[in-house]
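This report concerns only the one structure given below.
Numbering (my numbering), first residue to last: 109 to 229.
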């Protein structure tokens, strides 16, 4: 257990230089009493690391657009519960990315989450 604590603190101090706000669609009832969903921030500005993990840039021509796709991944502490389709607003070196989470892969010291843009969904 000491090793996991050490690894987590090392990752936090060296690797997690970006931040992410996680937004989730939460059930709500509107003014008319109907069920609905409202985007709610569940975690705000938590440390993370955004990186590319695919070597190839994928592209395809559609009827009205040429679309590019890059494989991105974020790493965060495993204490955070991330669900598929959570909206992840990531701040990386002066840039902001709004991406959607896939199923996370959890390890003892971190978790890895593939993320994509809405048009790639």
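Think of the CB as a built atom: it goes at the ideal place given N, C-alpha and C, for glycine as much as any other residue.
Predicted, not measured: the structure shown is a model, and the values here were computed from it.
Rounded separation between residue 196 and residue 139 - CA only: As a position in the chain shown, residue 196 is number 88, starting the count at 1. As a position in the chain shown, residue 139 is number 31, starting the count at 1. Answer to the nearest angstrom: the Cα atoms are 28 Å apart.
Quick one: using the 10 Å Cβ neighbour count with 16 as the cut-off for buried, is residue 219 buried or exposed? Your numbering for residue 219 matches position 111 in the chain shown. Result: buried.
Distance CB(residue 210)-CB(residue 112) smaller than 9 Å: Taking the chain shown and counting its residues from 1, one reaches residue 210 at position 102. Taking the chain shown and counting its residues from 1, one reaches residue 112 at position 4. One thing to note: residue 210 has its Cβ no nearer than 9 Å to the Cβ of residue 112.
Give the straight-line distance between the Cα atoms of residue 202 and residue 149, rounded to the nearest whole angstrom. As a position in the chain shown, residue 202 is number 94, starting the count at 1. As a position in the chain shown, residue 149 is number 41, starting the count at 1. In a straight line, the C-alpha of residue 202 is about 21 Å away from that of residue 149.
Three-way DSSP call (helix, strand, coil) for residue 228 in this model: Stepping through the chain shown from its first residue, residue 228 is reached at position 120. Because residue 228 carries a pLDDT of 43, less than 50, the predicted location of this residue cannot be relied on, and no value is offered for it.
In three-state DSSP terms, what is residue 153? Indexing the chain shown from 1 puts residue 153 at position 45. Looking at residue 153 - three-state DSSP - the assignment turns out to be strand.
With DSSP run on the structure shown, which of helix, strand or coil describes residue 208? The residue given as residue 208 occupies position 100 in the chain shown. Looking at residue 208 - three-state DSSP - the assignment turns out to be strand.
Give every residue of the same chain whose Cβ lies closer than 8 Å to the Cβ of residue 156, excluding the five residues on either side of it in the sequence, and list them in chain order. Translated into the one-based positions of the chain shown, residue 156 becomes position 48. Counting only Cβ-Cβ distances below 8 Å, and skipping sequence neighbours, we find 124, 126, 127, 128, 182, 183, 184, 198.
Pull up the distance between the alpha-carbon of residue 159 and that of residue 145, whole angstroms please. Counting from one through the chain shown, the residue named residue 159 turns up at place 51. Counting from one through the chain shown, the residue named residue 145 turns up at place 37. Linking residue 159 to residue 145 through their CA atoms gives a straight-line distance of about 31 Å.
Helix, strand or coil, according to DSSP, for residue 122 in the structure here? The residue given as residue 122 occupies position 14 in the chain shown. Assignment of residue 122 by DSSP, reduced to helix, strand and coil, places it in the helix class.
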